[in-house]
Amino acid sequence: MDGTLLDSLPDLAACADRLLTSYGLRGVTPDIVRPMVGDGVAALVRRLLAHAGEAAASIDAQEATTRYMADYTPRSTELSRPFPGTTYALETLKADGWTLAICTNKPVEAARRIVSALGLDGWFDAIGGGDSFPVRKPDPAHLLGTIGLAHGTPGRAIMVGDHHNDILAATGAHVGSVFARWGYGRPEMEAGATIGADSMIEIPHIAAQLIPA
Numbered sequence: 728m729d730g731t732l733l734d735s736l737p738d739l740a741a742c743a744d745r746l747l748t749s750y751g752l753r754g755v756t757p758d759i760v761r762p763m764v765g766d767g768v769a770a771l772v773r774r775l776l777a778h779a780g781e782a783a784a785s786i787d788a789q790e791a792t793t794r795y796m797a798d799y800t801p802r803s804t805e806l807s808r809p810f811p812g813t814t815y816a817l818e819t820l821k822a823d824g825w826t827l828a829i830c831t832n833k834p835v836e837a838a839r840r841i842v843s844a845l846g847l848d849g850w851f852d853a854i855g856g857g858d859s860f861p862v863r864k865p866d867p868a869h870l871l872g873t874i875g876l877a878h879g880t881p882g883r884a885i886m887v888g889d890h891h892n893d894i895l896a897a898t899g900a901h902v903g904s905v906f907a908r909w910g911y912g913r914p915e916m917e918a919g920a921t922i923g924a925d926s927m928i929e930i931p932h933i934a935a936q937l938i939p940a
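Pasting the structure below:
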């Protein structure tokens, strides 16, 4: 979701900046936060505290995660927007008969609120969040569980994502994968993907190539 459907980095980074400054620490910019995104909120907060160094040594990571979520939840769509071409891609995929689902390491209720607030909820048949199953990406069971929620078939599914967790989950689930080059992942994370794409606009055509009707 983050870095694939939504350019959510501005909100994630703004909240990260507020979190650190609330502890009297130096704030962060989006460029600093970008490589920290993709493994869920707890991992993001741990990385923020590690970035702050010795000054953050006494801060409890769990308490900081709770504080981050309390701030982020009501403000998670202040700056976030769908990436260019997202509406076109979703419309075209639906018209082509695809069932759409979101597999994200975000808590499922947070993901639902964000998708709804940005007017995208009508496109998706299921959301598999980071707390929907006993495991999360890169474990393939997270992706397989999400496909199951959407009543899909792994052999007829495609994973689109910008992070190595997405590609690893797809590979483990024997599902074709598209690396979203427009997202937050580093170029080397494309390794192992079936194919890469430069924009959301390309996704319907790629989907038709990978899984012919």
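Following our numbering from start to finish, the sequence shown increments by one per residue and tops out at 940.
From the three backbone atoms N, C-alpha and C, an ideal C-beta is built for every residue, glycine too.
Note that the structure is predicted; figures quoted are calculated from it, not measured.
| Query | Result |
| --- | --- |
| Classification of residue 780 by the beta-carbon crowding that lies within 10 angstroms, buried from 16 upward | exposed |
| The region 805 to 818 contacting the region 827 to 847, beta-carbon criterion three pairs below 8 angstroms | yes |
| Coarse secondary structure for residue 835, derived from DSSP in three states | helix |
| Check whether residue 897 and residue 886 have beta carbons under 8 angstroms apart | yes |
| N-terminal and C-terminal residue of the beta strand (DSSP E) that residue 807 is part of | Segment: none, residue 807 is in no beta strand (DSSP E) and carries neither H nor E. |
| Residues sharing a beta bridge with residue 886, DSSP | 904 |
| Other residues of its chain near residue 728: CB distance less than 7 angstroms, five sequence neighbours each side excluded | 829, 831, 833 and 838 |
| Proximity below 8 angstroms, CB of residue 905 to CB of residue 923 | yes |
| Three or more C-beta pairs below 8 angstroms linking the region 815 to 826 and the region 923 to 934 | yes |
| Delimiting residues of the alpha helix (DSSP H) encompassing residue 874 | 867 to 876 |
| Cβ pair residue 870, residue 794 closer than 8 angstroms | no |
| DSSP bridge partner residues for residue 742 (one or two, in chain order) | Bridge partners of residue 742: none, in fact. |
| Bridge partners - residue 930, DSSP secondary structure assignment | DSSP, once it has assigned bridges, lists no residue as partnering residue 930. |
| Euclidean distance between Cα positions of residue 907 and residue 894 | 10 angstroms |
| CB contact flag (residue 755, residue 744, <8 angstroms) | yes |
| Buried/exposed call for residue 803, threshold 16 Cβ in 10 Å | buried |
| The alpha helix (DSSP H) enclosing residue 782, as first and last residue numbers | No alpha helix (DSSP H) holds residue 782; DSSP gives it neither H nor E. |
| Three-state secondary structure assigned by DSSP to residue 920 | coil |
| Buried/exposed call for residue 785, threshold 16 Cβ in 10 Å | exposed |
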